[in-house]
Amino acid sequence: MRKKNISLFLLSLPTAIWYLLFCYLPIFGIVLAFKRYRLIPGKSFVYSLFASEWVGFENFRFLFLNPQMGRIVRNTLSYNLIFLLLGTVVPIALAIVLSMLHSKKVQSIFQMSALLPHFLSWIVVSYFVFAFLSTERGIVNAFLLSVGLDPVNFYQQPGAWPVILIIVQLWKTAGYTMILYYSYLLSVDQELYDSAVVDGASLWQMIRYVILPLLGPMIIVLTLLNLGHILSTDFGLFYQVTRNSGSILATTETIDVFVYKALIDQSNFGYSAAASLIQNGIGAILLILANYGIKKIDPDRGIV
Amino acid sequence: MRIGKRANLILSAGMMLLSVIGMIPVFLVIMVSFSSEGSIARDGYRFLPAVFSTEAYRYLFENLGGILRSFGVTLFVTVTGSLLSLFLIATMGFAISRKEFKLGKIYAVLIILPMFFSGGLAASYAVNTQLLGLKNTIFALILPSACSSWYILIMRTYFRESIPEEVLEAAQIDGASFFAIFGRFVIPMSKPILVTIGLFEAFAYWNTWYDALLYIDSGHSSLYPLQYLLYIMQSKAEFASSSQNVTGVIEKIPTESFRMALVVLIIAPILVTYPFFHKFFVKGLTSGIGK
Chain A
1 MRKKNISLFL LSLPTAIWYL LFCYLPIFGI VLAFKRYRLI PGKSFVYSLF
51 ASEWVGFENF RFLFLNPQMG RIVRNTLSYN LIFLLLGTVV PIALAIVLSM
101 LHSKKVQSIF QMSALLPHFL SWIVVSYFVF AFLSTERGIV NAFLLSVGLD
151 PVNFYQQPGA WPVILIIVQL WKTAGYTMIL YYSYLLSVDQ ELYDSAVVDG
201 ASLWQMIRYV ILPLLGPMII VLTLLNLGHI LSTDFGLFYQ VTRNSGSILA
251 TTETIDVFVY KALIDQSNFG YSAAASLIQN GIGAILLILA NYGIKKIDPD
301 RGIV
Chain B
1 MRIGKRANLI LSAGMMLLSV IGMIPVFLVI MVSFSSEGSI ARDGYRFLPA
51 VFSTEAYRYL FENLGGILRS FGVTLFVTVT GSLLSLFLIA TMGFAISRKE
101 FKLGKIYAVL IILPMFFSGG LAASYAVNTQ LLGLKNTIFA LILPSACSSW
151 YILIMRTYFR ESIPEEVLEA AQIDGASFFA IFGRFVIPMS KPILVTIGLF
201 EAFAYWNTWY DALLYIDSGH SSLYPLQYLL YIMQSKAEFA SSSQNVTGVI
251 EKIPTESFRM ALVVLIIAPI LVTYPFFHKF FVKGLTSGIG K
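Protein chains in written order, with our numbering: chain A, 1 to 304; chain B, 1 to 291.
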């Protein structure tokens with residue numbers, strides 16, 4: 001028994017070390033948010049971290065004083081709420097329709113097409129988007145011209161991006177989520193459907209009273225996971241797909257873009273870390289509260 | 001669930017239409033890569049270019065130097081990275097799937113926590129560059145993304161449900177060490193899930209660009225992965241076109257179709273292998289959900 005435990009410990013040791021180095025050291029690195037950190041020449045990271053000056057909540061104060069911050073937070077929250085809603089409704093609708101089709105071939109073709117974007121990088125996707133939206137060469141502008149409308153300079157046009165980003169995000173991610181729901185639907189005993197049919201349930205009744213309650217636990221889990229990331233966005237979508245265009249930041253800058261720029265463009269570790277801490281902290285608190293609330297209603301639900 | 005014949009026909013047609021629409025961007029980029037530079041300059045990007053041309057690909061293969069090196073970087077990162085990931089994920093997944101492992105519960109919590117809470121970019125960046133010295137090394141493209149809590153949990157579920165306790169016990173009675181059991185029984189019995197996760201990781205490593213953006217400086221272009229090369233090309237092209245307006249010089253190289261040809265080259269391995277692996281992905285996702 002002891003020998004077995006030692007073997008298992010050794011077996012899991014490399015991964016444990018990985019977690020220590022790449023997850024837990026950075027978690028302790030949160031103290032950066034309360035410091036005015038810079039690497040002291042010739043000294044190690046740890047020494048510099050201890051030696052750098054404590055500034056209390058100074059970094060946070062600057063965040064709140066930043067005139068762009070309101071806009072950045074609003075962008076982040078609005079996109080995430082829309083993604084949360086559409087990213088649940090659209091995949092479920094697709095999964096239900098897919099499960100009803102008679103032809104296995106059609107099902108398989110649709111799955112294949114829907115999951116493919118998941119495996120393409122944001123860099124590649126940004127080229128796709130550019131092929132559509134480029135001012136001089138884009139397909140969309142060619143179409144606008146052909147029907148006698150003025151071309152639109154999309155990369156300078158903040159108003160267009162909420163719609164563009166929502167479409168791109170759904171195209172890239174809805175397929176993956178759909179397959180999660182779809183395979184969950186398939187794993188359900190077919191008799192459940194048949195007995196509902198025997199009882200004379202209509203299609204809508206089936207969806208309302210059989211399928212949706214069935215998907216309930218999974219909807220809860222995925223929604224909880226998303227709530228934990230309510231202030232986090234996909235950097236690739238908001239930085240890369242927009243080509244980091246300065247004139248559309250009003251509708252495209254999110255907290256992650258800000259965190260990246262504060263760190264890389266300004267080398268301001270404390271500032272960047274403070275923004276991350278707020279982002280992660282609020283997400284974690286929301287997740288815990290929501291999980292607690294759901295457990296109150298139904299002890300079997302929730303994640304942890 | 002059954003629907004009528006007519007409803008099935010309409011819905012099937014709708015879903016097929018959606019499948020086609022979803023693939024349009026891929027089709028468009030392929031067509032642009034086969035357009036002549038002249039027809040792009042005249043008509044812009046077209047689904048059916050006025051003049052077909054393989055000029056971009058010819059140029060691509062004549063100037064393979066930098067691309068070939070980046071291809072090497074990407075290939076190395078993809079192979080090494082996904083093997084390392086599999087090792088880290090499978091060993092930990094197995095360890096915490098065993099009820100007798102005393103650290104199992106603590107480990108499980110420590111693995112789940114980072115899914116919801118991280119130190120943030122600045123802290124990771126400081127640790128990776130200033131403590132671990134990963135800046136401008138190939139390890140910066142491999143190590144930070146080598147492990148995934150999500151896949152460890154999928155692995156644990158799989159080991160619990162698919163590997164009967166009796167097999168392990170029988171092997172132990174035979175006196176086999178736990179490492180031998182892991183190598184000789186557990187790994188061969190888990191091939192499907194290992195292949196699935198390995199493929200997911202391989203595709204992810206093939207798409208590496210973010211870690212290069214963070215950790216590889218412009219002075220170390222020999223470490224650029226392909227995707228990052230594409231990223232650099234985009235910003236350079238913008239620079240080139242803006243300076244072009246100033247000087248009025250039009251370069252001879254097929255820039256537009258060339259870039260799209262590189263996009264096609266980068267996604268080609270995914271497009272070609274994906275249909276064969278697609279079933280694995282779906283199965284892998286299914287097995288991970290558990291109930």
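Cβ coordinates follow ideal geometry from the N, Cα and C atoms, glycine included.
Quantities reported herein were computed from a predicted structural model and do not represent experimental measurements.
Legend entry - Min CB distance V186 of chain B to chain A below 7 Å: Here residue 186 of chain B is taken as the residue at index 186 of the second sequence, counted from 1. Cβ-Cβ to chain A under 7 Å: no for V186 of chain B.
Legend entry - is_contact[V246 of chain B, chain A] using C-beta, thresh 7 Å: Within the second sequence, the letter at position 246 stands for residue 246 of chain B. With a pLDDT of 40 at V246 of chain B, under the threshold of 50, the modelled position of that residue is not reliable, and no figure is offered here.
Legend entry - Selected residue, minimal CA-CA separation from L94 of chain A, among A:L8, A:Y271, A:A174, A:S7: Start at 1 with the first residue of the first sequence, and residue 94 of chain A comes out as number 94. Checking every option, the nearest Cα to that of L94 of chain A belongs to A:A174.
Inset, instruction - Name the one or two DSSP bridge partners that R36 of chain A has. - result: Residue mapping note: residue 36 of chain A aligns to position 36 of the first sequence, counting from 1. According to DSSP, which records beta bridges pairwise, R36 of chain A is partnered with A:E53.
Legend entry - Interface positions of the region 98-109 of chain B facing chain A (Cβ-Cβ less than 9 Å), listed along the chain: R98, E100, F101, K102, L103, G104, Y107, V109
Legend entry - Proximity below 7 Å, CB of F235 of chain A to CB of A122 of chain B: Taking the first residue of the first sequence as 1, we reach residue 235 of chain A at position 235. Taking the first residue of the second sequence as 1, we reach residue 122 of chain B at position 122. No, these two residues do not count as a Cβ contact at 7 Å.
Legend entry - Neighbour flag for V167 of chain B against chain A, beta carbons, 7 Å: If you number the second sequence from 1, residue 167 of chain B lands on position 167. No, its Cβ sits nowhere closer than 7 Å to a Cβ of chain A.
Legend entry - Burial state of R156 of chain B, where buried means 16 or more other Cβ atoms lie within 10 Å: Position 156 of the second sequence, counting from 1, holds the residue named residue 156 of chain B. Answer is buried; the Cβ neighbour count reaches 16.
Inset, instruction - Compute the Euclidean distance between the alpha carbons of F179 of chain B and V46 of chain A, then round it to the nearest angstrom. - result: Stepping through the second sequence from its first residue, residue 179 of chain B is reached at position 179. Stepping through the first sequence from its first residue, residue 46 of chain A is reached at position 46. Their backbone Cα atoms lie some 36 Å apart in a straight line.
Legend entry - 7 Å Cβ cut-off: residues of chain A touching L132 of chain B: Position 132 of the second sequence, counted from the first residue, corresponds to residue 132 of chain B. Those within 7 Å of L132 of chain B in chain A are L21.
Legend entry - Residues that Y274 of chain B contacts on chain C, provided the C-beta gap is smaller than 7 Å: As a matter of chain content, chain C is missing from the structure shown, whose protein chains are A and B.
Inset, instruction - For I267 of chain B, go through chain A and note every residue whose CB falls closer than 7 Å to its CB, in chain order. - result: Here residue 267 of chain B is taken as the residue at index 267 of the second sequence, counted from 1. Those are L120, V124, listed as they occur along chain A.
Inset, instruction - Could you tell me whether any Cβ in chain A is nearer than 7 Å to the Cβ of A212 of chain B? - result: On the second sequence, residue 212 of chain B is found 212 positions in, with the first residue counted as 1. So no, A212 of chain B is outside the interface.
Inset, instruction - State the DSSP-derived secondary structure class of S35 of chain B, mapped to helix, strand or coil. - result: The residue given as residue 35 of chain B occupies position 35 in the second sequence. In the three-state scheme derived from DSSP, where H, G and I count as helix and E and B as strand, S35 of chain B is classed as strand.
Inset, instruction - Verify whether the separation of the beta carbon atoms of I142 of chain B and V51 of chain B is less than 7 Å. - result: Locating residue 142 of chain B in the second sequence gives position 142, counting from the first residue. Locating residue 51 of chain B in the second sequence gives position 51, counting from the first residue. No, they are not a contact pair.
Legend entry - Amino acids of chain B, ordered along the chain, whose beta-carbon sits closer than 9 Å to that of S146 of chain A: If you number the first sequence from 1, residue 146 of chain A lands on position 146. Within 9 Å Cβ-Cβ: nothing; S146 of chain A doesn't reach chain B, min ~11 Å.
Legend entry - Buried or exposed (CB count within 10 angstroms, at least 16 for buried), A262 of chain A: The residue given as residue 262 of chain A occupies position 262 in the first sequence. So A262 of chain A counts as buried.
Legend entry - Cross-chain neighbours of A122 of chain B in chain A, by beta carbon under 7 Å: One-based indexing of the second sequence puts residue 122 of chain B at position 122. Within 7 Å Cβ-Cβ: L32, L263, F269, S272, A273, S276.
Legend entry - Burial state of E201 of chain B (16 or more Cβ within 10 Å): Along the second sequence, one-based indexing puts residue 201 of chain B at 201. When all chains shown are included, E201 of chain B counts as buried.
Legend entry - chain A contact residues for L28 of chain B, given Cβ-Cβ distances below 9 Å: Start at 1 with the first residue of the second sequence, and residue 28 of chain B comes out as number 28. Neighbours of L28 of chain B on chain A, chain order: F128, A131, F132, I139.
Inset, instruction - Using 10 angstroms around the beta-carbon of K172 of chain A, count the other beta-carbons present and answer buried if the total reaches 16, otherwise exposed. - result: The residue given as residue 172 of chain A occupies position 172 in the first sequence. Sixteen is the threshold: when 16 or more other Cβ atoms of the shown chains lie within 10 Å of the Cβ of K172 of chain A, as they do, the residue is buried.
Legend entry - Residues from the region 166-178 of chain A in contact with chain B, defined by Cβ distance under 9 Å: W171, G175, Y176
Inset, instruction - Measure from the alpha carbon of G219 of chain B to the alpha carbon of each residue in B:T137, B:S82, B:I197, B:I152, then state which is nearest. - result: For this step, residue 219 of chain B is matched to residue 219 along the second sequence. Closest by alpha carbon: B:T137.
Inset, instruction - Output the distance between the C-alpha atoms of N80 of chain A and T88 of chain A, rounded to the nearest integer angstrom. - result: Working through the first sequence from its first residue, we reach residue 80 of chain A at position 80. Working through the first sequence from its first residue, we reach residue 88 of chain A at position 88. About 12 Å.
Legend entry - Same chain only: Cβ atoms within 6 Å of A160 of chain A, ignoring 5 sequence neighbours per side: Numbered from 1 along the first sequence, position 160 holds the residue referred to as residue 160 of chain A. Result list for A160 of chain A: F154, in chain order.
Legend entry - Cβ distance (whole Å) where I82 of chain A is taken to contact I164 of chain A below 8 Å: Numbered from its first residue, the first sequence carries residue 82 of chain A at position 82. Numbered from its first residue, the first sequence carries residue 164 of chain A at position 164. The Cβ separation is near 13 Å, so there is no contact.
Legend entry - Contact list for T254 of chain A against chain B, beta-carbon separation under 8 Å: Taking the first sequence and counting its residues from 1, the one referred to as residue 254 of chain A is at position 254. Within 8 Å Cβ-Cβ: nothing; T254 of chain A doesn't reach chain B, min ~13 Å.
Inset, instruction - At 7 Å on the CB atoms, spell out the chain B contacts of Y260 of chain A, in chain order. - result: Within the first sequence, residue 260 of chain A is the residue found at index 260, counting from 1. The contacting residues are L121.
Inset, instruction - Could you confirm whether any beta carbon from chain A is found closer than 7 Å to the beta carbon of W150 of chain B? - result: Numbered from 1 along the second sequence, position 150 holds the residue referred to as residue 150 of chain B. Chain A contact via Cβ: absent.
Inset, instruction - List the residues of chain B whose Cβ lies closer than 9 Å to the Cβ of P213 of chain A, in chain order. - result: The residue given as residue 213 of chain A occupies position 213 in the first sequence. The contacting residues do not exist; P213 of chain A stays about 15 Å from chain B at best.
Inset, instruction - Mark A126 of chain B as exposed unless 16 or more other C-beta atoms lie within 10 angstroms of its C-beta, in which case mark it buried. - result: Translated into the one-based positions of the second sequence, residue 126 of chain B becomes position 126. So A126 of chain B counts as buried.
Inset, instruction - Express the C-alpha separation of K35 of chain A and V55 of chain A in angstroms, rounding to a whole number. - result: For the purposes of this step, residue 55 of chain A is taken as the residue at position 55 of the first sequence. For the purposes of this step, residue 35 of chain A is taken as the residue at position 35 of the first sequence. Distance between the alpha carbons of V55 of chain A and K35 of chain A is about 5 Å.
Inset, instruction - Tell whether a beta-carbon distance below 7 Å holds between L277 of chain A and I230 of chain A. - result: Here residue 277 of chain A refers to the residue found at position 277 of the first sequence. Here residue 230 of chain A refers to the residue found at position 230 of the first sequence. Cβ distance not < 7 Å, so L277 of chain A and I230 of chain A don't count as in contact.
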